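With our numbering applied, the sequence shown covers 469 to 616.
Built from N, CA and C at the ideal position, the CB exists for glycine as well.
Fair warning: this is a prediction, and the values are worked out from it, not measured in the lab.
Read the structure below first, then the notes.
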Amino acid sequence: MRVRFIWALLGSLLFAGPALAQAAMPSEAVQEKLIKTCILTLNDANLTGNYSVLHAKLAKPFRTQFAPDKLKAGFKGFAAQQIDLSVVAIKTPVASTPAKIDDRGVLQLRGYFDTQPSRVLYELDFLVSEEEWKPLSINVKVRPASEK
């Protein structure tokens, strides 16, 4: 079974350029926390239909742009599958590319969780907002573990 959903919150970006470009690379432990928190919050929203917490955890410019109802509509197809991603809580993420901070100050984390029978793949972007890294773009896919 192949389930794919992409919800990118990369509309009209209002960056504070120089301040963001100087953000320090978070440690691997912090990166793992960001990845798991983002995916588990998305999972809870999809399973319950309540997108308020996910909305609250977004980078500030995107909370303003995307109300919880818009998030719910955007994730409708993924939520309809009722896929429980909670297994990521006990797994270690595997990076498919090294973490990097681009010239806009966006932290890019790419990888997967080596789960069975399906693999959870992610492409997550974070932006420093209100003095902490917050989700900017969420791309989560579930594919058979045999597909790499």
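Residue span of the beta strand (DSSP E) that contains residue i, given as start and end
i, result
"residue 572", "Per DSSP, residue 572 belongs to no beta strand (DSSP E) and is neither H nor E."
"residue 555", "Segment: none, residue 555 is in no beta strand (DSSP E) and carries neither H nor E."
"residue 589", "586-597"
CB contact flag (residue i, residue j, <9 Å)
i, j, result
"residue 612", "residue 567", "no"
"residue 547", "residue 603", "no"
"residue 556", "residue 518", "no"
"residue 541", "residue 531", "no"
"residue 581", "residue 559", "yes"
"residue 543", "residue 513", "yes"
Reference residue i; option with closest CA among the options
i, options, result
"residue 554", "540, 587, 524 and 526", "587"
"residue 608", "498, 492, 503 and 497", "503"
"residue 491", "583, 610, 575 and 585", "575"
"residue 577", "595, 615, 514 and 543", "595"
"residue 506", "615, 614 and 601", "601"
"residue 538", "520, 551 and 549", "520"
"residue 606", "508, 497, 496 and 599", "508"
"residue 515", "545, 551 and 592", "551"
"residue 610", "549, 569 and 593", "549"
Reduced DSSP secondary structure (H/G/I, E/B, other) of residue i
i, result
"residue 548", "helix"
"residue 495", "coil"
"residue 489", "Per-residue confidence for residue 489 stands at a pLDDT of 45, beneath the threshold of 50, marking its modelled position as unreliable; the derived number appears in the next sentence. Residue 489: helix per DSSP, three-state reduction."
"residue 583", "coil"
Close beta carbons around residue i, own chain, < 7 Å, minus the five adjacent residues each side
i, result
"residue 489", "Residue confidence for residue 489 is low, a pLDDT of 45 falling below 50, so the modelled location carries little weight and cannot support an answer."
"residue 584", "613"
"residue 598", "528"
"residue 569", "491, 493 and 575"
Chain-order list of residues whose beta-carbon lies under 8 Å from that of residue i (same chain, five-residue window excluded)
i, result
"residue 579", "503, 561, 562, 563, 564, 565, 589 and 590"
"residue 500", "560 and 561"
Range covered by the alpha helix (DSSP H) that runs through residue i
i, result
"residue 537", "536-542"
"residue 605", "Note, residue 605: premise wrong, no alpha helix (DSSP H); beta strand (DSSP E) at 600-612."
"residue 532", "528-533"
Proximal residues to residue i (C-beta, below 6 Å), its chain only, five neighbours per side dropped
i, result
"residue 536", "519, 520 and 523"
"residue 593", "574, 576, 604 and 605"
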